[in-house]
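Student: All the letters of the sequence shown, read from the start, carry residue numbers 3 to 178 under our numbering.
All residues carry an ideal CB built from backbone N, CA and C; glycine is no exception.
What follows is a structure written as structure tokens; I'll ask about it next.
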Amino acid sequence: MPLLRIVNYPDPVLLKVGMPIGSDGCDPELDGFVANMFETMSEAGGVGLAAPQVGVSKRLFVMDTPETDEFDRVRAVLIDPEVVHVEGEQIGDEGCLSFPGLFQTVRREMRVIARALDQKGEPIELDVRGLAARCILHEIDHCDGIVFLDRMTALKRELAKQKIKRLKRSGKWDRS
Ligand code: NI
């Protein structure tokens, strides 16, 4: 299965609001695209991947967060996702496949209830906590053209930008 090419920040597609997909008719191309998204994400070692990250400016993402002592595994594709409720807070390191090698502290809500369409165009609702909640918020941001730099405190963002410069200079940023 061909792997999709992940684009890195600051590719303009990462800063664009994605187009809604909707449920009109089952798109046979969608199944192949979603399968490729999962494959690309797992190959790259990520837990979430949004369509804009592979150059497709649409509101779709895949996620696969591992089971832990506290939480179940969450593997899903969310189309036209929306957050309907958030609560609590978690402060922890976050990464992004479009920012290879960069991890930085980001504050997110601890619990998220999100609605979306699944691959067949059926409505789904997810009620998740911890990493899965962080992942959903991060990926919905991608659908809105927002990257995790925008969610950092000013100080952390400055540090992150310096780190990106260093990674670029050492040739560890751009994919061939
Ligand atoms: Ni990301």
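Give the secondary structure of F101 by DSSP, where H, G and I count as helix, E and B as strand, and everything else as coil.
Tutor: F101: coil per DSSP, three-state reduction.
Student: Helix, strand or coil, according to DSSP, for M112 in the structure here?
Tutor: Reduced to three states, the DSSP call for M112 is coil.
Student: Looking at the structure shown, is P68 part of a helix, part of a strand, or coil, going by DSSP?
Tutor: The answer is coil: DSSP assigns P68 none of H, G, I, E or B.
Student: Does the ligand NI have a heavy atom nearer than 6 Å to the CB of C1?
Tutor: Absent from the structure is residue 1, since the part of the chain shown begins at 3 and ends at 178.
Student: Does the Cβ of S178 have 16 or more other Cβ atoms within 10 Å, making it buried, or fewer, making it exposed?
Tutor: Legend: pLDDT at S178 = 49, less than 50; position of this residue unreliable, no value from coordinates given.
Student: Would a C-beta distance cut-off of 7 Å place G90 and M112 closer than the cut-off?
Tutor: Cβ distance < 7 Å, so G90 and M112 count as in contact.
Student: Please state whether DSSP places K174 in a helix, a strand or coil.
Tutor: Residue state, collapsed to three classes: coil.
Student: Roughly how many angstroms lie between the CA atoms of D129 and Q55, to the nearest whole one?
Tutor: Spanning the two alpha carbons is a distance of roughly 24 Å.
Student: Taking the DSSP output, what are the residues bridged to V88?
Tutor: According to DSSP, which records beta bridges pairwise, V88 is partnered with V114.
Student: Give a single yes or no on whether C137 has its beta carbon closer than 6 Å to a heavy atom of the ligand NI.
Tutor: It does not: the Cβ of C137 is nowhere closer than 6 Å to a heavy atom of the ligand NI.
Student: Taking buried to mean at least 16 other C-beta atoms within 10 Å of its own C-beta, is C125 buried or exposed?
Tutor: This sequence places Pro at residue 125; Cys is not what is there. With fewer than 16 Cβ atoms within 10 Å of its Cβ, P125 is classed as exposed.
Student: Between the beta-carbon of Q106 and the beta-carbon of A162, is there less than 7 Å?
Tutor: Closer than 7 Å, so yes.
Student: Just reading off the beta strand (DSSP E) that E124 is part of, what are its end residues?
Tutor: Premise fails: E124 is in no beta strand (DSSP E) and is neither H nor E.
Student: Can you find the residues in the same chain that come closer than 8 Å, C-beta to C-beta, to L139, ignoring five residues on each side of it along the sequence?
Tutor: So the qualifying residues of the chain are V85, V88, R110, E111 and V114.
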